[in-house]
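Numbering (this note's numbering), first residue to last: 72 to 192.
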């Protein structure tokens, strides 16, 4: 049987603080997620935090939003042990074709696509 993947494209802006809520079901277990994206000026980097919105519990804090130079990088892979091994989903940051920078800077986050959804693999 083939596992069906379900993803949402989060509508990124260059606002230094963005909040989204979405529902995912990693390994069939529902999660109502709150996603906070911040630009840390001192570090010159975008980060993402994931909360269990229903339980008001922080699950992943300030994960750097980076793009892999090879195979797509699941930003949430290190958190697969959470929620009894069900994980908190998969997240990929994809670079747009016209973007010169590998990772997003303060003023070009809109040139990237952020996918969040069920676990990959």
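The beta carbon of each residue, even a glycine, is placed where N, CA and C say it ideally should be.
- Membership of residue 188 in the beta strand (DSSP E) is indicated by the continuous run 183 to 188.
- The region 127 to 144 and the region 90 to 101 do not touch, with fewer than 3 CB-CB distances between them shorter than 8 Å.
- With a cutoff of 8 Å on beta-carbon distance, residue 118 and residue 105 are scored as not near each other.
- Between the beta-carbon of residue 141 and that of residue 161 there is about 17 Å, and that puts the pair past the 8 Å contact cut.
- Residue nearest to residue 159 within the set 114, 83, 103 is 103 (criterion: CA-CA distance).
- Under DSSP, residue 79 takes part in a beta bridge, and its partners are 187.
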